[in-house]
Amino acid sequence: MREIHVSQIIDKVKQMVMDAEYNLPEDFVSALETAKNFEESPIGREIIETILENAAVASTERVAYCQDTGYPVFFVEIGQDVHITGGNIKDAINEAVRQATKEGYLRASLAFDPVFERKNTGDNTPALIYFDFVPGDRIKIKFAAKGGGSENQSKQVMLRPADGLEGVKKFVLKTIANAGPNACPPFTVGVGIGGTFDYSAVLAKKALFRPIGHRHPDPKIAMLEEELLQLANQLGVGPLGFGGTTTAVDVKIEVAPVHIASLPVAVNIQCHANRHSEIEI
Amino acid sequence: MSQVKKITTPLTDDVVKELRAGDRVLLSGYVYTARDAAHKRMLEEYEKTGKLPFDIRGQVIYYVGPTPPKPGQVIGSAGPTTAYRMDKYTPKLLELGLKGTIGKGWRGPEVKEALQKYRGVYFAAYGGTAALLSKHIKSSEIIAYEDLGPEAIRKLYFEDFPVVVANDIYGGDIFEEGQKKYRKIEIDP
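Here it is as structure tokens:
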């Protein structure tokens with residue numbers, strides 16, 4: 001058994017959260033730099049430049065890239081040969097978020113209840129944490145800060161199996177078209193197909209961790225990703241929805257086995273504040 | 282896109298009627314912040330007391346919930362939030378004399394109609410460029426609803442804050458017009 005003390009988890013996760021809030025992932029920045037050269041709309045090009053400038057300022061000054069520092073979502077894979085000491089990992093992650101919010105000058109963006117008082121929790125906890133157990137003696141932690149603007153434009157549908165591939169494509173494109181300008185394009189689009197009602201949405205979220213340009217290992221799905229990306233950029237939405245040819249920089253699809261009666265599809269729209277990171281302890 | 286116009290708050294009908302969807306504007310002067318929770322409370326209070334927490338005639342509301350300032354900063358990162366969430370409340374505020382709102386994304390038909398009826402304008406700021414936009418905010422003071430934290434009403438002082446006129450008093454809509462130009466495929470609604 002490898003022992004990992006919670007204090008180590010708190011320190012690393014805190015750092016990870018702050019770093020993600022100040023720095024866009026490099027693959028996404030280079031995707032934007034490329035997109036700038038292909039964008040046909042003049043205001044679209046100007047917006048991509050402004051976005052890149054914002055990224056540079058946030059990173060240099062270590063300030064939040066976007067004022068919506070997001071709903072903290074974690075995917076944690078715990079090696080079964082790890083023994084966590086000094087407390088429990090759930091509390092440790094929430095403590096890390098609490099400290100990052102305070103010390104990193106992040107916005108408290110969560111409310112205790114959805115429909116009654118909607119009182120702010122004050123420290124951006126509780127984080128949403130998905131756990132999984134894997135072989136080995138490491139802990140892998142993935143973090144995403146999910147802004148309200150793009151989560152609000154994300155959608156899930158239970159299609160009929162007869163709707164098939166065409167139904168999936170249509171739903172994904174309709175969701176992308178409806179998401180601009182509100183959800184701050186250029187998007188990265190996460191798509192989950194299959195599983196259950198809820199799991200399709202988890203897959204869509206997980207899909208967004210795959211680096212830009214890396215295709216799904218299944219060639220059929222890889223082709224669908226490329227086709228949807230091309231079509232998305234013909235919708236006209238453009239940077240921040242002012243019109244243009246860069247609506248999305250990538251489409252990522254994850255799939256899972258499915259009930260014989262069902263075809264769940266979820267689309268998680270990711271805005272240009274594409275805050276995803278990953279550490280291993 | 283036209284040349285950049287410099288305007289200062291409060292806004293008058295004469296200023297508003299010159300603004301057209303697509304105009305670039307550098308906005309200076311005082312503006313007030315309010316987003317979901319502050320709008321709800323303001324309008325609930327107005328129904329009970331007939332009063333708002335500040336005199337909104339001629340004023341501009343910026344839909345923003347900033348991050349806390351780091352030492353030495355006036356305000357933290359402060360980009361616009363999505364405007365349609367305030368659509369339920371905006372027509373009433375325009376009726377009461379509000380002249381401008383700043384947010385991101387499109388407005389619903391009820392707001393577009395109210396902008397024409399009450400002569401108001403909706404400005405779009407570049408969503409997500411919060412670190413840059415905060416540099417155009419020179420002072421910040423909470424004037425109401427402090428308990429709402431990031432959603433409290435703040436009075437900000439803008440210096441050349443960059444926005445684009447998204448909806449004007451003539452029914453113009455920069456998002457519809459812009460997207461139409463580059464749309465190569467149609468998706469059934």
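First to last, the protein sequences are chains V and E.
Position 35 (the first sequence) corresponds to 35 in the working numbering; numbering is contiguous.
Position 171 (the second sequence) corresponds to 452 in the working numbering; numbering is contiguous.
Glycine is no exception: its CB is placed at the ideal position from the N, C-alpha and C atoms.
Keep in mind that this is a model prediction, so the values were computed, not measured.
- Cβ-Cβ distances below 6 Å link V/Met16 to Phe143, Ser277, Ile279 in the same chain, with the five nearest sequence neighbours on each side left out; the list follows chain order.
- The continuous beta strand (DSSP E) containing E/Gly384 extends over residues 381 to 384.
- With three or more CB-CB distances shorter than 8 Å, the stretch 159 to 173 of chain V counts as touching the stretch 245 to 262 of chain V.
- Setting aside the 5 residues that flank it on each side, V/Ile48 is surrounded in the same chain by Leu32, Ala35, Lys36, Glu39, Pro186, Pro239, Thr246, each with a C-beta closer than 8 Å to its C-beta; the list follows chain order.
- Only exposed fits V/Phe131, as fewer than 16 other CB atoms lie within 10 angstroms of its CB.
- For the stretch 432 to 458 of chain E, the beta-carbon criterion of a distance under 7 Å to any beta-carbon of chain V is satisfied by Ile455, Phe456.
- Setting aside the 5 residues that flank it on each side, E/Ile455 is surrounded in the same chain by Ala302, Gly303, Ala405, Val445, Val446, Ala447, Asn448, each with a C-beta closer than 8 Å to its C-beta; the list follows chain order.
- When the five nearest sequence neighbours on each side are left out, the beta carbons in the same chain lying within less than 7 Å of the beta carbon of V/Gly86 are those of His5, Val6, Ser7, in order along the chain.
- Contact of V/Gln270 with chain E is not assigned, every C-beta pair being separated by 9 Å or more.
- Under a 10 Å Cβ-count criterion, V/Ile253 is classified as buried, with 16 or more other Cβ atoms of the shown protein chains found around its own Cβ.
- Exclusion of the five residues before and after V/Asn54 leaves Tyr65 as the residues of its chain whose Cβ lies within less than 8 Å of its Cβ.
- Proximity of chain E to V/Thr245 at the Cβ level (cut-off 7 Å) is accounted for by Tyr463, in chain order.
- Distances from the CA of E/Tyr311 to each of E/Arg322, E/Gly331, E/Asp428, E/Ile337 were compared; the closest alpha carbon is that of E/Ile337.
- Put simply, the CB of V/Asp132 is far from chain E, with every gap to its CB atoms at 9 Å or more.
- Taking all protein chains in view, the Cβ of V/Gly122 is surrounded by fewer than 16 other Cβ atoms within 10 Å, so the residue is classified as exposed.
- In the three-state scheme derived from DSSP, where H, G and I count as helix and E and B as strand, E/His320 is classed as helix.
- Nearest Cα to E/His417 within the set E/Pro350, E/Arg366, E/Pro443, E/Phe335: E/Pro443.
- Taken through DSSP and simplified to helix, strand or coil, E/Ala302 comes out as coil.
- When secondary structure is reduced to three states using DSSP, E/Leu292 falls in the coil class, being assigned neither helix nor strand.
- V/Leu173 is classed as buried because its beta carbon has at least 16 other beta carbons within 10 Å across all chains shown.
- When CB distances to chain E are screened at a threshold of 9 Å, the residues of the stretch 147 to 176 of chain V falling below it are Gly147, Gly148, Gly149, Asn152, Gln153, Lys170, Leu173, Lys174, Ile176, in chain order.
- For E/Thr371, same chain residues with a beta-carbon under 6 Å away, outside a window of 5 residues either side, are Val392 in chain order.
- Proximity of the stretch 353 to 370 of chain E to the stretch 385 to 401 of chain E meets the contact definition, three or more beta-carbon pairs being nearer than 8 Å.
- Comparing alpha-carbon positions, the option among V/Lys206, V/Val168, V/Asn182, V/Pro217 lying closest to V/Asn268 turns out to be V/Lys206.
- Taking 7 Å as the cut-off between beta carbons, the residues of the stretch 232 to 260 of chain V near chain E are Gln234, Leu235, Gly236, Val237, Gly238, Leu240, Gly241, Phe242, Gly243, Gly244, Thr245, in sequence order.
- Excluding its 5 nearest sequence neighbours in each direction, E/Val341 has C-beta neighbours in its own chain below 6 Å: Thr290, Val312, Gly381, listed in chain order.
- Taking 9 Å as the threshold, the shortest C-beta distance from V/Arg98 to chain E does not fall below it.
- When DSSP states are grouped into helix, strand and coil, V/Val57 belongs to the helix group.
- Of all residues in the stretch 86 to 116 of chain V, only Tyr105, Leu106, Arg107, Ala108, Ser109 place a beta-carbon less than 8 Å from a beta-carbon of chain E.
- Per DSSP, E/Tyr399 has no beta bridge partner at all.
- Residue contact check for E/Gly409 against chain V: a CB pair falls below 9 Å.
- If you check each beta-carbon in the stretch 373 to 404 of chain E against every beta-carbon of chain V, the ones closer than 8 Å belong to Lys385, Gly386, Trp387.
- V/Ile281 has its alpha-carbon roughly 50 Å from the corresponding atom of E/Lys462.
- Taking C-alpha positions only, V/Lys119 is separated from V/Ala222 by approximately 43 Å.
- V/Val73 and V/Ala145 have their C-alpha atoms some 6 Å from each other.
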